[in-house]
Every structure is written in structure tokens, then in C-alpha cells.
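A.B. asks: Residue numbers (our numbering), protein chains in the order written: chain A, 1 to 209; chain B, 1001 to 1146. From the three backbone atoms N, C-alpha and C, an ideal C-beta is built for every residue, glycine too. The structure presented is a predicted model; accordingly, all values stated were derived computationally and were not measured. Quick one: the structure is below, and I'll ask about it shortly.
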Amino acid sequence: MTGDDPDSELLEQVGRNEPAAVREMVARKLPRILNLATRMLGDRGEAEDVAQEAFIRLWRHAPMWERGRARFDTWLHRVALNLCYDRLRGRRDQPMGGSAEVSDGEEQSLFIEDASADAPDTCLERVQYSERVGAALAVLPGRQREALVLQYYQELSNVEAASAMGISVEALESLLSRARRNLRQRLLVVDGSPGALAPTDSTDHKDPT
Amino acid sequence: MTPQRFCELAQAYGADLSRWPAHERAAAQALVTAQADAQVRAALSEAESLDGWLAHHLVAPAGADLLRRVVASAPPQRAGWYQAWLWWSGLGVAGVGLVGGVSGALAMSLLLSVAFLQGGAPSADPAWEVPAVTAFDDPGADWSEE
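Take a look at the structure:
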């Protein structure tokens, strides 16, 4: 399964500390890890700290990496997820509580670069949509959020996502179903009216990674 | 694939079949194409609505400062075998030069010592002048017997 790992060659070069390979690895993986951590933690500053720490571990492990032992991207996701869970455990007294967790300013800063090219009305709508989704993600149970982020946003296959979470594919499917059911309740049911305010285009805002 | 299984998968993986388990896609696509089952159509429509929402959650890309910090956290490049080879080669050349210099100095000191022992102190009398002899010259006659 890991014989065709697309990151193997680059990882070997990183293991030799080749500057060009280091830059390429950062360009390739930092956006993914930052997206993952931001969605898991709901806090940009903490997400950046997690991303940095994940890369420090990457630099440390690269020279010892055994080709074929594991898929590198899955391993890196596992590292980042563990770091996220360390932080989530650290704020046990302050659990993620939905939209109150992320201030308006912080939330807008998450996507303003992407939205800035649009007309003001469209931009505002996107800000509102994104805030609602972010708030709904924030109140999901941790494992459900993790499953959804890995499968939907990180676009890992079911096998990769299950591997990163250390669970079976069946358990992953169960978590995904519950996550989506919970989100549907929060996003598609407004004042008891299913589908209200639901955006319809599902392709134009996917993460570039 | 039964419509029931299709619904389960749509509830877990959403409406985009490319995100579904690889071995289920063909059968799922066949059900979608047939459009015969109302349950399948409803499950797909519901999943599409949620996918539409999820797609609106955006994360700003990494800033230049974060990129710099992460790149800077990588260890510096170690000397590769080629650099190591060049370094040792340079050291070898320097070592050979040093040995040559020391040998030359030693040879000169031996030459001067031999000249001094054979000729004694320089004399103004040309009869007592001893031609310079090196270790490579024919020693010639034994002057001590004269």
C-alpha cells in the first residue's frame, strides 16, 4: 500500500537536509497541516503552533524514515492530530463551545484572503456561512470532528483516515455518519425549516490542497 | 449495491462519489445513473446539501512569517560526501606540501652541516676552499688522507 508513497523521494532529500527539499516539503504539507489544526482547534494561533511542532518532528524523523513502512502523509496527520489532542486536553476546563470560542475578528481572519476578491455582499455571505460551519464543527464531539476533517477537508481515503485515527473503517463510517447527522441538525434546520439559508455551490471553495 | 447500503454510504461520505471507498464507487455510480430508486435520490440530495455547507468553511493560507519560521526550524544542511571528499583532498594536498617543505628544510640543513664539517670555517685562502658537495655528488677522494 505504501510502495507508491508520493512523498518518499522528497522525504529522503529532506532527510539529507537539502534546502530546496525542505522548502518544497513546507510548501506541500504546511497548508494541509494548518487546515487540519485550525479545524480541529478552532484557534489560528494554536493551529500555527501545532503546525510548527509537527514540522519539527518531521525534520527529526526524516533521516530515519523507512520507505514502505507507513504512508508519510498519514503519519504526519497522526502527529498533528496528537498535538491537537494534547492541546484540547489542556483546555479541558474550557471546551470548545461553538461560535463563542472564536471571536468575530479571529473568524474573519481565517478566510478574509480568499473572500477579499469578491463583491462585498458575496464576501459577507461567505463570512457568515463560514462562521456557521466553523461554529457547528466546533461543537461536534472530538472524534466525530476528527473523522469529518480527515475524510472531507483533508481528502484522505477511508483507509487512510481510519489508519490516522487508529480505528477500523467501519468505526470511521459510524463516526462520519454521526458527524454529518449532527451537522445537518445545526446547519440545515433553521427554526425548524430544513434547508433554509443553505448554500448550493459545493465546489468553488474547496481547499486548494 | 442495495439502496440501503447506498444511503449508509451517502450519510457517511457525502454526495461526491470520488470520496467514497474505491471498491463501492462503480456500483454506486450505477445506482445514481439509473435514477430508479427514490431512496437513493433523496439520500444523494440530502448529502449534497450538507456538502454545500461544509465547502464554505475556509481557512486562510499560511502567512509568509509562518512559512519562514517553519523553514528556519529545519536543521542546517550537513556536508555531503562530495563536500567531505573535497575537504579531505584539500587537507591531503596541504599535508603533502607541508611534508615537502619539512623535507627541503631538512635537506638544506644536512647540506650546510656537511659543508661546514668538510670545509671548516670559510677561509680567505683559495687553496683551502672546498667545492660545495651535495648528497647527490660523487664523494670523490678522501680528503682526510692528504
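Among residues of its own chain, excluding the 5 on either side of GLN185 of chain A, which ones have a beta-carbon nearer than 6 Å to its beta-carbon?
C.D. replies: Indexing the first sequence from 1 puts residue 185 of chain A at position 185. So the list is empty, once near-sequence residues are dropped.
A.B. asks: With C-beta atoms as the reference, is LEU1044 of chain B less than 8 Å away from PRO1003 of chain B?
C.D. replies: For this step, residue 1044 of chain B is matched to residue 44 along the second sequence. For this step, residue 1003 of chain B is matched to residue 3 along the second sequence. Not a contact, by the Cβ cut-off of 8 Å.
A.B. asks: Identify the continuous alpha helix (DSSP H) that holds VAL1040 of chain B and give its terminal residues.
C.D. replies: As a working mapping, residue 1040 of chain B is identified with position 40 in the second sequence. Annotation: the continuous alpha helix (DSSP H) that includes VAL1040 of chain B extends over 1038-1054.
A.B. asks: Would you please state the rounded distance, in angstroms, between the beta carbons of ARG145 of chain A and LEU137 of chain A? I believe it to be under 8 Å.
C.D. replies: Locating residue 145 of chain A in the first sequence gives position 145, where the first residue counts as 1. Locating residue 137 of chain A in the first sequence gives position 137, where the first residue counts as 1. Contact holds; Cβ gap of about 6 Å.
A.B. asks: Here's the rule I'm using: 16 or more other beta-carbon atoms within 10 Å means buried, otherwise exposed. How should GLU131 of chain A be labelled?
C.D. replies: Locating residue 131 of chain A in the first sequence gives position 131, counting from the first residue. Of the other Cβ atoms in all chains shown, 16 or more fall within 10 Å of the Cβ of GLU131 of chain A; this residue is therefore buried.
A.B. asks: LEU1054 of chain B CB to nearest chain A CB: under 8 Å?
C.D. replies: For the purposes of this step, residue 1054 of chain B is taken as residue 54 along the second sequence, with counting starting at 1. So yes, LEU1054 of chain B belongs to the interface.
A.B. asks: Can you pull the chain B neighbours of GLY45 of chain A, defined as C-beta to C-beta under 9 Å?
C.D. replies: Here residue 45 of chain A corresponds to residue number 45 of the first sequence, with the count starting at 1. Here the premise fails: no neighbours, minimum Cβ distance about 11 Å.
A.B. asks: Under 7 Å Cβ-Cβ, which residues of chain B neighbour PHE55 of chain A?
C.D. replies: Residue mapping note: residue 55 of chain A aligns to position 55 of the first sequence, counting from 1. When 7 Å is used as the limit between beta carbons, PHE55 of chain A is near these residues of chain B: VAL1070, SER1073, in chain order.
A.B. asks: Leaving out five residues on either side along the sequence, give the residues of the same chain with a beta carbon under 6 Å from the beta carbon of LEU11 of chain A.
C.D. replies: For the purposes of this step, residue 11 of chain A is identified with residue 11 of the first sequence, where counting begins at 1. Once the five neighbours on either side are set aside, the close Cβ partners of LEU11 of chain A are ALA62, TRP65, PHE72.
A.B. asks: Comparing the C-beta of GLU107 of chain A with each C-beta of chain B, is any distance below 8 Å?
C.D. replies: In the first sequence, counting from the first residue as 1, residue 107 of chain A sits at position 107. Here the model assigns GLU107 of chain A a pLDDT of 39, short of 50, so the residue's position is not dependable, and the following value carries that caveat. Answer no: the Cβ-Cβ gap between GLU107 of chain A and chain B never drops below 8 Å.
A.B. asks: HIS1023 of chain B: buried (16+ other C-beta within 10 angstroms of its C-beta) or exposed?
C.D. replies: Sequence index remark: in the second sequence, residue 1023 of chain B carries index 23 (1-based). Under this definition HIS1023 of chain B is an exposed residue.
A.B. asks: For ARG32 of chain A, which option in A:ARG16, A:ALA51, A:ALA162 has the closest C-alpha, if you only look at C-alpha atoms?
C.D. replies: Along the first sequence, read from residue 1 onward, the residue named residue 32 of chain A stands at position 32. Of A:ARG16, A:ALA51, A:ALA162, the smallest CA-CA separation from ARG32 of chain A is found for A:ALA51.
A.B. asks: Would you say HIS205 of chain A faces chain B, with C-beta separation under 8 Å as the test?
C.D. replies: Position 205 of the first sequence holds residue 205 of chain A. With a pLDDT of 42 at HIS205 of chain A, under the threshold of 50, the modelled position of this residue cannot be trusted, and the question is left open.
A.B. asks: Give me the chain A residues within the contact set of GLY1014 of chain B, using Cβ-Cβ distance strictly less than 7 Å, ordered along the chain.
C.D. replies: The residue given as residue 1014 of chain B occupies position 14 in the second sequence. Here the neighbours are TYR152.
A.B. asks: What distance in whole Å lies between the Cβ atoms of LEU148 of chain A and ALA171 of chain A, which are believed to be in contact at a cut-off of 8 Å?
C.D. replies: Taking the first residue of the first sequence as position 1, residue 171 of chain A is located at position 171. Taking the first residue of the first sequence as position 1, residue 148 of chain A is located at position 148. In fact, because the Cβ distance is near 14 Å, the residues do not count as touching under 8 Å.
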